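Heads up: the sequence lines are chains A and B, in that order.
Quick note on my numbering: the first sequence kicks off at -3 and runs consecutively.
Quick note on my numbering: the second sequence kicks off at -3 and runs consecutively.
Protein chains: 2
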Amino acid sequence: MTTASTDAALAILRSHGERVTAARRAVIEVLQPHDHLTADEIAARAEAAAPGVHRTTVYRALATLGEIGLIAHTHVAGSATIYHLTADSDADDHHELDHAHVQCTECGSLFNVEDRLLAPLADDLERQIGFRLDVHHAALLGVCARCQESVASD
Amino acid sequence: MTTASTDAALAILRSHGERVTAARRAVIEVLQPHDHLTADEIAARAEAAAPGVHRTTVYRALATLGEIGLIAHTHVAGSATIYHLTADSDADDHHELDHAHVQCTECGSLFNVEDRLLAPLADDLERQIGFRLDVHHAALLGVCARCQESVASD
DNA sequence: CTGCTTGCAAAGTGTTTGCAGGCCC
DNA sequence: GGGCCTGCAAACACTTTGCAAGCAG
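Rendered as structure tokens:
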């Protein structure tokens, strides 16, 4: 399950003139089953596939893979950025539909929002100020259903 | 220009059982003319009104004023949170319409987006998953018109 | 072999916390 | 005066950078 799509991703890596290393392979493999991991979580789990991978290396691998477009990241308010594979990186494409993230400022939970819901907004922005919105790049904030009884803060 | 609305804000502060101090007054005054300041920028400018105000104190003042609802903040990707007064805090209410922020991942520029554009999305989220969106709380990311010729990164 | 990648250490942001003293009410 | 606020120092979480050694191609 991992190997097939991982190899596809590595092939893309190579085709961009980048070297295939244990660290980069580990990062991709770790992201396969888990979509919302922080750099530290990735580093921790990568230990299994590539003992000794340093957090620094994970950050650098994430940057490289991100430039190529194999992975993307989402900024979440007040805590670590989360990373995920893009559809491109997954040969099997058994991926769920692309989605944006909304985060509850109370409990921190992340929810997925279908891109479709954000399309009208993106269109408006493009038309009005020429701004090309990337709906995946930052989490939208608010309060989830479960937390709406409690008071608000951050 | 500052004094009138500042006093109104301070009255609200007092009415919440909080003490009115030089540091808190300075934070409010500094935010009056400038809407998008980071904690550090606020601390730097507050020096004028209240010499010696420490960054730490600014953070604590911002937290307190935020809990009361006099100010709000917006998380921007990869850099410092920006703070602004809320409509409540401004007696004169000569405020521009409330707006959300979109940020260019290339040049870092911030743009305002009328809340109106985000209303349909907020409604959808509320209906579908009971999530109450706070459109002001995090900046949306994308690429501005001027930067769209260049390549992308972050 | 050439030089892209890595590991380590250290620095860099942005923000928070512990504690003693100071000021608002 | 009592206790909330402040200043200072230090710690904190996350991320980046410099440099010598290592491995991919």
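Glycine residues also receive a C-beta, built at the ideal position from the N, C-alpha and C atoms.
The structure presented is a predicted model; accordingly, all values stated were derived computationally and were not measured.
Specify whether the stretch 91 to 108 of chain B and the stretch 51 to 63 of chain B touch according to this definition: at least 3 beta carbon pairs, one from each stretch, less than 8 Å apart. No, they do not touch.
May I have the straight-line CA-CA distance separating A45(B) from L33(A), to the nearest angstrom? Locating residue 45(B) in the second sequence gives position 49, counting from the first residue. Locating residue 33(A) in the first sequence gives position 37, counting from the first residue. Per the coordinates, the alpha-carbon of A45(B) lies some 44 Å from the alpha-carbon of L33(A).
To which residues of the same chain is F127(A) closer than 8 Å at the C-beta, ignoring the five residues directly before and after it? Position 131 of the first sequence holds residue 127(A). Excluding positions up to five away in sequence, the list reads L121.
Just to make sure I have the definition right: I need the residues of chain A whose C-beta is within less than 8 Å of the C-beta of A76(B). Which are they? As a first step, residue 76(B) is located in the second sequence; it is residue number 80 there, counting from the start. Those do not exist, as A76(B) stays about 12 Å from chain A at its closest Cβ, beyond 8 Å.
Pick out whichever of V131(A), A134(A), L117(A), E102(A) has its Cα sitting closest to the Cα of R142(A). The residue you call residue 142(A) lines up with position 146 of the first sequence. Answer by Cα proximity: E102(A).
When every heavy atom of the ligand FAD is checked, does at least one fall within less than 6 Å of the C-beta of T52(A)? Ligands in the displayed structure: none, and consequently the ligand FAD is not present.
Listed by chain order, chain A residues near R128(B) by CB distance under 7 Å: On the second sequence, residue 128(B) is found 132 positions in, with the first residue counted as 1. Within chain A, the C-beta atoms nearer than 7 Å to that of R128(B) come from G138, V139, Q144, in chain order.
By Cβ distance below 7 Å, which residues in the same chain neighbour N108(A) in space, the five residues on each side in sequence not counted? For the purposes of this step, residue 108(A) is identified with residue 112 of the first sequence, where counting begins at 1. Taken in chain order, the residues that qualify are H95, H97.
Ranges of the beta strand (DSSP E) found wholly within the stretch 14 to 66 of chain A, counting only runs of at least 3: Complete beta strand (DSSP E) runs here, min 3: none at all.
Checking 7 Å against the spacing of the C-beta atoms, do V131(A) and L114(A) come in under that value? Walking along the first sequence from the start, residue 131(A) turns up at place 135. Walking along the first sequence from the start, residue 114(A) turns up at place 118. For the 7 Å CB-CB criterion, V131(A) and L114(A) form a contact.
Hey, how far is the Cα of I125(A) from the Cα of P116(B)? Translated into the one-based positions of the first sequence, residue 125(A) becomes position 129. Translated into the one-based positions of the second sequence, residue 116(B) becomes position 120. Taking the straight line joining both Cα atoms gives about 19 Å.
Just grab the DSSP bridge partners of L129(B) for me. For the purposes of this step, residue 129(B) is taken as the residue at position 133 of the second sequence. Under DSSP, L129(B) takes part in a beta bridge, and its partners are G138(A).
Below 7 Å between beta carbons: does that hold for H71(B) and A73(A)? Residue 71(B) sits at position 75 when you count from the first residue of the second sequence. Residue 73(A) sits at position 77 when you count from the first residue of the first sequence. Yes, the Cβ-Cβ distance between H71(B) and A73(A) is below 7 Å.
CA-CA distance, D119(A) and D111(A)? Within the first sequence, the letter at position 123 stands for residue 119(A). Within the first sequence, the letter at position 115 stands for residue 111(A). The C-alpha of D119(A) lies about 12 Å from the C-alpha of D111(A).
Bridge-paired residues (DSSP) for H69(A): To locate residue 69(A), count along the first sequence from 1; it is residue 73. As DSSP reads the structure, H69(A) sits in a beta bridge with Y79(A).
Which residue's Cα is closest to the Cα of T77(B): E63(B), E43(B), I38(B)? On the second sequence, position 81 is the one that residue 77(B) refers to. It is I38(B) whose Cα lies nearest to the Cα of T77(B).
Does R20(B) pass the burial test, meaning 16 or more other C-beta atoms within 10 Å, or should it be called exposed? Walking along the second sequence from the start, residue 20(B) turns up at place 24. Burial call: buried.
Give the DSSP-derived three-state secondary structure of Q124(A) in the structure shown. Counting from one through the first sequence, the residue named residue 124(A) turns up at place 128. Note: Q124(A) maps to helix in three-state DSSP.
Are there 16 or more other CB atoms within 10 angstroms of the CB of S1(A), so buried, or fewer, so exposed? Counted from its first residue, the first sequence places residue 1(A) at position 5. The residue is buried, with at least 16 neighbouring Cβ atoms inside 10 Å.
Does DSSP put C100(A) in a helix, in a strand, or in coil? Position 104 of the first sequence, counting from 1, holds the residue named residue 100(A). Residue state, collapsed to three classes: strand.
Going by other Cβ atoms of all chains shown within 10 Å of its Cβ, with 16 needed for buried, is R41(A) buried or exposed? For this step, residue 41(A) is matched to residue 45 along the first sequence. The residue is buried, with at least 16 neighbouring Cβ atoms inside 10 Å.
Enumerate in chain order the residues of its own chain whose CB-to-CB distance from I67(A) is below 7 Å, with the five nearest sequence positions on each side excluded. Here the question's residue 67(A) lines up with position 71 in the first sequence. Taken in chain order, the residues that qualify are L27, L58, L61, Y79, H80, L81, T82, S85.
Short of 7 Å in beta carbon distance, which residues of its chain neighbour V23(A), apart from the five on each side in sequence? Order them along the chain. Here residue 23(A) refers to the residue found at position 27 of the first sequence. In its chain, beyond the 5 residues on either side, I38, A42, V54, A57, L58, L61 have a beta carbon closer than 7 Å to the beta carbon of V23(A).
Buried or exposed, going by whether 16 or more other CB atoms sit within 10 Å of the CB of A7(A)? Mapped onto the first sequence, residue 7(A) falls at position 11. Exposed, by the Cβ-count rule.
Cα separation between R51(A) and E63(A)? Indexing the first sequence from 1 puts residue 51(A) at position 55. Indexing the first sequence from 1 puts residue 63(A) at position 67. Their Cα atoms are separated by approximately 18 Å.
What's the call for H12(A), buried or exposed, on a 16-neighbour Cβ count within 10 Å? If you number the first sequence from 1, residue 12(A) lands on position 16. Label assigned to H12(A): exposed.
Going by beta carbon distance, what residues of the same chain come within less than 6 Å of L137(B), once the five residues before and after it are set aside? Here the question's residue 137(B) lines up with position 141 in the second sequence. For L137(B), where only same-chain residues beyond five positions count, the Cβ hits under 6 Å are A73, Q99, T101.
Is the CB of L66(B) under 7 Å away from at least one CB in chain A? On the second sequence, residue 66(B) is found 70 positions in, with the first residue counted as 1. With 7 Å as the cut-off, L66(B) does not count as an interface residue toward chain A.
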